[in-house]
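Using mature numbering (1 follows the signal peptide of the UniProt record, and there is no 0), the letters of the sequence shown correspond one by one to residues -22 to -1, 1 to 396. Beta carbons are placed, not taken as given, at the ideal position from N, Cα and C, and that holds for glycine.
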Amino acid sequence: MIVHIKLMSQILLILIPSYSDSFESDSDKVDEPEVELIGEMIQKGLIEAISVLFPNAEARNCARHLYNNFKNIEGFRGQAMRLTYWKATKATFPIQFEETMFEMRSLSESAEAWLRGNDPRTWSRAHFSTRCKSDLLLNNNSECFNKIILEARDKPILMMLEIIRRKVMTRLVSMREAAENLNFVAWMEKFLILKCYFIYSIWSVYAGNEKYEVDCGLGNKHVVDLLNSSCSCRKWDLSGIPCKHVVSCMQLLAVSPETYVNTCYTVTTQLNIYSHLISPVKGPMQWEHVRDMEPILPPIIRSPPGRPKQTRRKEVDEIRKSGPKLSKTRHFGEALRAYPMVFVTEDMLVAVCDLHGFRLLVIGMRSNGAVVFASKTCAIDLIEVRYEREVYLVEVLVVDKKDWIQSMLMLVKLNSFS
């Protein structure tokens, strides 16, 4: 179970007593072994209160907010430090983490000391516990919920609560109905299919007792233990989803990777999660009136100058999505809904990088009745232009006669290519 904490710093001014009062209502969850607390900011006294009231819980800090403190408060800026920081957070085993911290030390010893001063168990996957089967680094679930309730935030208190209640009520119903029509969690199926594309360069050797040695080349080897559902890269241990090393072993056994996915991702578990419902509520005209109570006056409205902002303010060095979007172009809008069939206009060519190299996609029938064509000729050589960066697997490139290249990553099925 994952509990996301979002407390306003203006209210929580006292150390442990104030935080303890905030968590007393959840004290019955202390004995649960799989509780994960993801905090949005590092607040004084919050870690101490969690350790007292939730001794068996794993507390984590949102990596993005920790980076904001790392960059803005401490002043450790720069592209190199940013990339090294995120590399340290995404490291999955201790040796990989230590190598990244050595890189950070070469950039700034004070930055490396500041990061080590924050318990790595709260912000790096290399030190996360494997009990919760969650490798979350960010507090995105709370941020997504905040986006859903944007329209309710400026309403009066009762109207705001009613809007939130109705949204949650309909969300539970829609998710339960969606789970009933699936044999497997939809995104999990696509995720495992995508991993099958990354095992062509991996060599697995059976060592006995359900253990395998997986050679990824360049001295990079991992040990997979199917009996204990463990891999030395710890990605399987952290998330409960088979990593590419496990998928390569599944190919030797001719077994579907779905059989080794943790039960928390099964449809049965999803149905249990959304089995609870929120009961409908009568309208205000049917509410019972409370006598001998002074009316509650509305708050004084003070309108600040300017239009109220509802979107998050992005950082200066944050990557912004700009430029034309392939999914919004007129020519490819309908085609993308039925991928991997992509239609080609008269002045554009579509290619994909798959296991066989960089080649054209199989193109469906044109609306004017033109003959379908498929070729293994390199699309870049065909148009005599270059795409000067490494191309990912199952990455689709659209190239026109003006040497303009547009990229789009797609999740495609195994039988999508010719």
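Item: Does DSSP put Asp215 in a helix, a strand or coil?; Value: helix
Item: Please report the residue range of the alpha helix (DSSP H) in which Trp64 lies.; Value: Gln57 to Lys68
Item: Excluding the 5 residues flanking Leu128 on each side, which residues of the same chain have their C-beta closer than 8 Å to its C-beta?; Value: Gln288
Item: Cβ of Ile142 within 8 Å of Cβ of Ala130?; Value: yes
Item: Less than 8 Å between the beta carbons of Arg109 and Thr70, yes or no?; Value: no
Item: Between which residues of its own chain and Arg212 is the CB-CB distance below 6 Å, once the five residues before and five after are set aside?; Value: Thr70 and Phe71
Item: Is it a yes or a no for the region 53 to 64 touching the region 197 to 208, going by three-plus beta-carbon pairs under 8 Å?; Value: no
Item: The beta strand (DSSP E) spanning Arg38 covers which residue range?; Value: Glu36 to Asn39
Item: When burial is assigned at 16 or more other CB atoms within 10 Å of the CB, is Gly218 buried or exposed?; Value: buried
Item: Assuming Pro220 and Tyr243 form a contact by the criterion Cβ under 8 Å, report the distance between their Cβ atoms to the nearest whole angstrom.; Value: The Cβ separation is near 11 Å, so there is no contact.
Item: Glu191 lies in the beta strand (DSSP E); which residues open and close that run?; Value: Lys189 to Asp193
Item: Could you tell me the alpha carbon to alpha carbon distance between Lys260 and Arg149, rounded to whole angstroms?; Value: 19 Å
Item: Within 10 Å of its beta-carbon, does Thr67 have 16 or more other beta-carbons around it, so buried, or fewer, so exposed?; Value: buried
Item: Taking Lys173 as the reference, give the member of Lys189, His223 and Arg144 with the closest Cα.; Value: His223
Item: Would you say Pro90 and Met82 are within 8 Å of each other, going by their C-beta atoms?; Value: The sequence as given places Glu at residue 90; Pro does not occur at that position. A contact, by the Cβ cut-off of 8 Å.
Item: Quick check: the Cα distance between Phe106 and Ser281, rounded to an integer number of angstroms?; Value: 45 Å
Item: Indicate whether Glu188 and Leu170 have their beta-carbon atoms separated by less than 8 Å.; Value: no
Item: Apart from the five residues just before and just after Thr241, which ones in its own chain have a Cβ nearer than 7 Å to its Cβ?; Value: Thr247
Item: Quick one: is Glu87 buried, meaning 16 or more other Cβ sit within 10 Å of its Cβ, or exposed?; Value: exposed
Item: What does Lys199 pair with, by DSSP beta-bridge criteria?; Value: Asp193
Item: In whole angstroms, what is the alpha-carbon distance linking Asn39 and Met166?; Value: 26 Å
Item: Would the region 33 to 49 and the region 94 to 102 be scored as touching if the rule is three or more Cβ pairs under 8 Å?; Value: yes
Item: Where do the N-terminal and C-terminal ends of the beta strand (DSSP E) with Gly186 fall, by residue?; Value: Trp181 to Gly186
Item: Counting only C-beta atoms, is Arg291 closer than 8 Å to chain C at any point?; Value: Here there is only one protein chain, and chain C is not present.
Item: For Val146, I'd like the list of residues in its chain whose CB is within less than 8 Å of its CB, leaving aside the five on either flank, ordered along the chain.; Value: Ile256
Item: By alpha-carbon positions, which one of Cys122, Asn46 and Val151 ends up nearest to Asn250?; Value: Val151
Item: Cβ atoms of Ser226 and Ile177: under 8 Å apart, would you say?; Value: yes
Item: How would you label Lys168, buried or exposed, when you count the other beta carbons within 10 angstroms and need 16 or more for buried?; Value: exposed
Item: Which partner residues does Cys209 have in the DSSP bridge list?; Value: Val202
Item: Note down the Cα distance separating Leu231 from Val202, rounded to an integer number of angstroms.; Value: 13 Å
Item: Just mark His200 as buried or exposed, buried being the case when its beta carbon has 16 or more other beta carbons within 10 Å.; Value: buried
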